[in-house]
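The structure appears right after this line, and notes come after that.
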Amino acid sequence: MKGLRALCLTGSLLLVAGSPVWASDDLTEEEIERINAVLGEMQCEMDDDDIEKEDDGFDLDDVLCAEGQFDIKLDTDFAVVEKRAE
């Protein structure tokens, strides 16, 4: 019985230790709304799943705009700091 308990505990710890930490990368609803507002002003749109939160702001992949498709970087104040055509 002790062996089984130790095996279960070890397995649980491995699952927790091996799992990626997503909490710090999670976007808030407010951040998603602000990003979509910025994109709306630029006549652009994108899938919310293509937003990546970074230390210095946000990386937006596959943004569809009236003039084409772009990758866009926003700073922490939601200002565009880079816009490159794909």
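Letter by letter, the sequence shown follows residues -23 to -1, 1 to 63 of mature numbering (1 follows the signal peptide of the UniProt record, and there is no 0). Every residue gets a Cβ at the ideal spot worked out from N, C-alpha and C, and that includes glycine. Because the structure is a prediction, the values reported are computed rather than measured.
Original post:
The alpha helix (DSSP H) spanning A62 covers which residue range?
Top reply: Here A62 belongs to no alpha helix (DSSP H); instead the beta strand (DSSP E) covers V57 to A62.
Original post:
Quick one: what's D36 bridged to in DSSP?
Top reply: E29 and K50
Original post:
Just checking my contact of L51 with F35 at CB under 8 angstroms: how many whole Å lie between their CB atoms?
Top reply: 4 angstroms
Original post:
Roughly how many angstroms lie between the CA atoms of C42 and E59, to the nearest whole one?
Top reply: 14 angstroms
Subject >> Extent of the continuous alpha helix (DSSP H) run through L16 >> reply: E6 to E18
**OP:** Identify whether E22 lies in helix, strand or coil by the three-state DSSP scheme.
**Re:** strand
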